[in-house]
Structures are given as structure tokens and as C-alpha cells.
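Chains as they are written, first to last, in the numbering used here: chain A, 1 to 313; chain B, 1001 to 1313.
Where a beta carbon is used, it is the ideal one built from N, C-alpha and C, also for glycine.
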DNA sequence: ACATATATACTCGAAATGAGTATTATGCCG
DNA sequence: CGGCATAATACTCATTTCGAGTATATATGT
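Okay, structure coming up:
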């Protein structure tokens, strides 16, 4: 067994939603790719991985993490390099998801829409044009270029699952990984040390941070439906439309307004405060607050979405 | 930063179902607690964490893993000790779930029902008596013994979510963690180095392996419902009742037979082979096989369960 | 007063769900 | 051979949930 060291890296995708924009806190390492707040795990100082994470994030962003959740541990050789050249110690990278309300960020950090990094994931207005114009042609070529028939069939299946009939908004990571392997994403060329001659989709991130962010979005989109996590992102009181817009921002989909409020109300996730918002135009909306009690009452208090399949709401 | 080393441990909960018994492959370290197959990650030799895992498992169990999935990375200080005394290097432990069909095991390894380790999780016959007789009284005491009112309230909520009204079969890990903190599980006393004067529930495992197994069961029970993972555990052809018994074994619940077959059939998860089983008594059942095509056709081809809420089927 | 913009309430059909009953195909036992 | 026990499979039915609308209420600005 040759002596190569391992070190553990901790990274956090810190998510907030402001208005209709789902954003992630990135560290602007000047000139370099955007990065998630990250740092090495120090086993001597930290009792748990999560406390290590909180320390790093606190130092880099002055943010006090609220809800956090471990995502995944990545250890692939070559996917944690900044420029394709191997470093001496191997980094195993543990990714976290954290939810907060957007506050003022520290210097060197910035909130950016996560759709900067994943423009094909935002279906709120319509199916992103780039899917038909750029992604599908390139992926079809990727299928055609397969070294053998078996690989071609596998690639065809993945294409279909990721971008075919029936958009499954949770498959964010699968889609990113497919685009990576097909060389449609800058990181692929950087990690392999070759020059990219084609298009790159979305904005690249440092190391494997875009992969971690994809995992975070996928997890959050899934979890929405069976745990009341959205409320971590809301102000103490909010209107039902604000809640809906937040969910839509995260899911990248439009929901049916009347049904959404029915679901939310019926499920007892929320209770009225008797106070009302003062909107610029239109009827004022009642302000609601999250009912903490549901946690005690029901086993899986998620937010069934009530997706809209037709025109307007 | 003081120099304490980190090493990465890989462990696998390898699951199979034989008849009505959901089992996990354990290594019988003679005299010591049961352990999952595990070993350190060697960054020099292995390109990915998963390949490292496959190597270890192959050596220890001669098993060729089929479906595998990463579960969680545990790094808590003190929860990876065999006897409560700290070792010099810190172990961060990455747990995996693997699904196979039960074959002949290697020497030193053994298939054991996972309900040995989690007897309170098997509700197939009825609610396990130990919940009323042992768990609830002890947990109520745990609530009462809280150092302050706030902690007591938190503990009361957790008790309710884990063992209160409305059994949620997926909360396996939450329940185990609660029992751990309440000192109802042997590992708690071992990790803290104190002597246990009360009862211990279930069979203890080495290190944090029971925690990993709890994570595995929870994940599998959840995943069942939205990905066709059960079929990894089935023979190439099977009757619908065999499929149902397998799902029941995993979920720890009884299902409604007629509705189960309706769901499975309607969803196109399965196709008839035209052949029939030869049972000891009763009408022969048609043998079915898994339809690989669903993966292409539908976004989330899970097995909605069709739980039974009343008497017999 | 009315046009416009929202919020909120209510309706309706289609599908999914939970729980049964009914019918069919075996082996076995006298 | 006829009837029973045992399972498999088919069909029924009421209830709930879902998706999609229409209708009504309450603001503001002109």
C-alpha cells in the first residue's frame, strides 16, 4: 500500500430564495471559478463533520447555518482538481445542503441564482430552448459516437430518462452527470486536461462544486414533497402566493394556484394570522405562519405540489 | 492544527431477502459483535470510493456486489470505537447499501435477519409488543429526566414522531438514534465507556455499523416506492405473491394482496411469462419477470405499496 | 363607477386508493 | 369421483385525491 494521504473536504450549498430567485451563496475567488464555501475537516478540533462545516462556513461567510443536511461524499480521482493536474493528497469531499433566509453576505461572497449553473433546469416560463437547440443534438451525437452498440444503448436510455418525455424535476444530478460525460460542461475538459472545442452549458464551478450543487438541488426538490423544508426559507409570516413562488423557484415548475392553496390549507401546514399584506395592487392577501405542530401530528408532512399541466393560473 | 490523522472506512450493508426474511450479510468476528463487511479506503489504489468498497467486500465475502448505493458518511467522534477508548487516528466512515440475491456465504460470514438488530421495526404480524412494554416507558422516563423544559419538549416531539400515532416505516434511523441517546441500545454504553444498568434492545453491532444498517433500511424502504429496486432482490422470474412477500419483508408491513397486484400490473413493472409455479397446495400462480422497459417509459417507476389497514387478505 | 389585479371559494369530472366479494384452478382425501 | 382446503385472479364499490376551471370578493387607480 503506497503512502498517499487522504484529506476530507467539506463544502456547503447554502440556499435561499429571494422573490422568484433560488440562490446559492458562492465565494468569488477572484478570477477563478465560483466556489461553494469549503474547507478541510480538522479531526483534532472537531467532534463531528457538521461542526467542522459550521466552523468553515462561519469563517468564510459569517453565516450561521440553520437547517443543514449531508448530501453525498464524492471521492472520484480527478474530479477534485482545479486544473486537471493531480495534487499530492487525495481529497474526499463531503457535500452539505443548508437552508437560510437571504441576508447580507460577507465580502468575497455573493448570492447567485442556481439557474446560472443549471439553465436547463428552469421550466417555469417554458421548456428551456437550449434543450432542443443544444442539448439534444449534442447528446444524440454522444449516443452515435459510442464505442460499441451496448454503450450506445445505455447512453440512449440515459438520454431518454434525463431529457426525454416526462420531465422529472428531481433528476438534476443525473442530468449533470450525463452532460459531464458527454463533454458538454466545462468541468469535463478541465478535469481531463484536454482542450474543449465545443460548447459549454451553464457556468462552471471550482472542483466538483457544481456536482455538489446538483445533488443539493435534486435533494431539495425531492424533500419538498415529504418534509416541510420550504418553511426554512420563508419569513416568519408570508402570503400563500409567496410560498407558492418559493416552491416554484425551487422546483423550476409552475404550480396551479387554487390547488396549491387547497393542498397547503387542507394539510394543516399553515395557519392564518388574521393580518394582511399591503400589496401595490390587488386584494390584500392574508399572512400565514408555519404550524410547527404538524411535525407532531403527521408522519410525512410534505407539500404535495399540485403541478399545473396547462395554461395560466 | 494538531496532527491527528484521518482515515476513511468503507462499510456495506449487503441485503437479500429469502422467503419472508430480509437479511444482511455480517462478518462474525469471533466473540465480538457482528460487523458489516468493511475496510479502509486506499486512495493510492482506488479511483473511486465505490471501487474501494467492491475490493474489500470481494475479499471478505467473495461477493460480487450488484446494485450499490452510497448512504451516508459518519464522522462523529467516539462512535467508531470498539470499546469506548479513543484510537489514535480518526475514522470517517462511509456506508453503502448493496442489494443481491442470497447465495452461499463465505466462511466467517453469515446472513442474519435485520430484525435481529431492529426487532421493533417488524410490524408484519402486529405491532411489536416491546414498543408498549419496554420502549415507550423508557422513553417517557427519558423525557422526564431531561435537564430542562426545552429539552423535554424536544424529546417529547421526537418520541411522538418516532413511536407515536401513525407508524412511518421509513424513520428507521431516527428511531435508532433516539433509542441510542436514551441509552436503550448497547452501543451507547460502549461508546461512552460507562456500564449499562438497564435493558438493551436488539443485538448490538461493531463500531457504528448498526447505525449504518438503520440508514440502509430507511433508504431502502423509501426507495422502494419510487424506484424499482425490489427486482434486484428477486429471482429472474417470480410470482406476484413472492414479490409481495419480499416487499413486505423490507417494509415490515403487510400489504393488501388484490390491490398490490393491481398496482404492479397497471404500472407495467412486470410482464407474465406464460409459465406457472407448482405450489404444494392451491392454484398455481403465473411467473412474472421485471420489465426493464419501464425505466425508459416512466420517470419514477416505483411501487406504490397499497398498505392494508384492516384485517386479513 | 369601473377597469384591473389579486385573493379566495366553490364545482366537476377523472383517476387513484382502500376494502371487499366473487370466481377459478389446483391438490388431496375419503 | 365429489367435495374441501388453499391460493390465484377478477371484478365491484365507495371514498379520496387531483387537475382544471369558473365564480366571487376586495383592493387600487382613474
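- Query: So what's residue 1073(B) in DSSP terms, helix, strand or just coil?
  - Reply: strand
- chain B beta carbons: is any one of them nearer than 8 Å to that of residue 84(A)? Because the pLDDT of residue 84(A) is 42, which lies under 50, any placement of that residue in the model is unreliable, and the number read from its coordinates should be weighed accordingly. Not an interface residue.
- Message: Going by C-alpha to C-alpha distance, which of 75(A), 236(A), 254(A) sits closest to residue 275(A)?
- Response: 236(A)
- Item | Other residues of its chain near residue 85(A): CB distance less than 8 Å, five sequence neighbours each side excluded | Note on residue 85(A): pLDDT 46, under 50, position unreliable in the model; no value is reported.
- Tell me the DSSP bridge mates of residue 1093(B)? 1009(B), 1074(B)
- From 1209(B), 1238(B), 1134(B), pick the residue whose C-alpha is nearest to that of residue 1199(B); which is it? 1134(B)
- Query: Does the distance from the CB of residue 1246(B) to the CB of residue 1034(B) come in under 8 Å?
  - Reply: no
- Option in 1210(B), 1072(B), 1092(B), 1164(B) with minimal Cα separation from residue 1393(B): Absent from the model: residue 1393(B). The displayed extent of chain B is 1001 to 1313, so no value can be given.
- residue 1284(B) burial status per 10 Å Cβ neighbour count (16 or more: buried): exposed
- Under the three-state DSSP convention, the category residue 1211(B) falls into: helix
- Query: Counting only beta-carbon atoms, is residue 47(A) nearer than 8 Å to chain B?
  - Reply: yes
- Query: Using DSSP with H/G/I as helix, E/B as strand and the rest coil, what is residue 27(A)?
  - Reply: strand
- Pull up the distance between the alpha-carbon of residue 1100(B) and that of residue 1240(B), whole angstroms please. 19 Å
- Message: Using a Cβ-Cβ distance cut-off of 8 Å, determine whether residue 1122(B) contacts chain A.
- Response: no
- My understanding is that residue 10(A) touches residue 31(A), with C-beta atoms under 8 Å, so please give their C-beta distance in whole angstroms. The pair is not a contact, with the Cβ atoms about 24 Å apart (cut-off 8 Å).
- Query: For residue 1251(B), which residues of its own chain have a beta-carbon under 6 Å away from its beta-carbon, when the five flanking residues on both sides are left out?
  - Reply: 1169, 1221
- Sorted by chain position, which residues of the same chain lie with C-beta nearer than 8 Å to residue 1130(B)'s C-beta, five sequence neighbours on each side aside? 1119, 1120, 1201
- Mind pulling the chain A residues with CB within less than 8 Å of residue 1295(B)? 157, 161
- Message: Taking the alpha carbon of residue 1224(B) as the reference point, which residue from 1206(B), 1122(B), 1244(B), 1205(B) has its own alpha carbon closest?
- Response: 1244(B)
- Query: What residue from 1070(B), 1053(B), 1069(B) has the CA that sits closest to residue 1062(B)'s CA?
  - Reply: 1053(B)
- Can you name the residues that DSSP bridges to residue 14(A)? 98(A)
- Message: My output table needs one value for residue 68(A): the three-state DSSP class, helix, strand or coil.
- Response: strand
- Given a limit of 7 Å on CB to CB distance, which residues of the region 1059–1085 of chain B reach chain A? 1070, 1072, 1073, 1075, 1076, 1077
- Please list the residues of the region 202–216 of chain A that have a C-beta atom closer than 8 Å to any C-beta atom in chain B, keeping them in chain order. none
- Under 9 Å by beta carbon: chain B residues contacting residue 7(A): 1006
- Query: Any idea what DSSP makes of residue 272(A), helix, strand or coil?
  - Reply: strand
- Task: Using a Cβ cut-off of 7 Å, pull out every chain B residue sitting near residue 142(A), in sequence order please.
- Result: Under the 7 Å cutoff, chain B gives no residues; its nearest Cβ is about 17 Å from residue 142(A).
- Query: For residue 129(A), which three-state DSSP category applies?
  - Reply: helix
- Message: Just to confirm my understanding: we take residue 1078(B), look at its own chain, exclude 5 residues before and 5 after, and list those with CB closer than 6 Å. What are they?
- Response: 1191
- Message: Can you find the residues in the same chain that come closer than 7 Å, C-beta to C-beta, to residue 72(A), ignoring five residues on each side of it along the sequence?
- Response: 95, 215
- Message: Quick check on residue 122(A): buried or exposed, where buried means 16 or more other Cβ atoms within 10 Å of its Cβ?
- Response: buried
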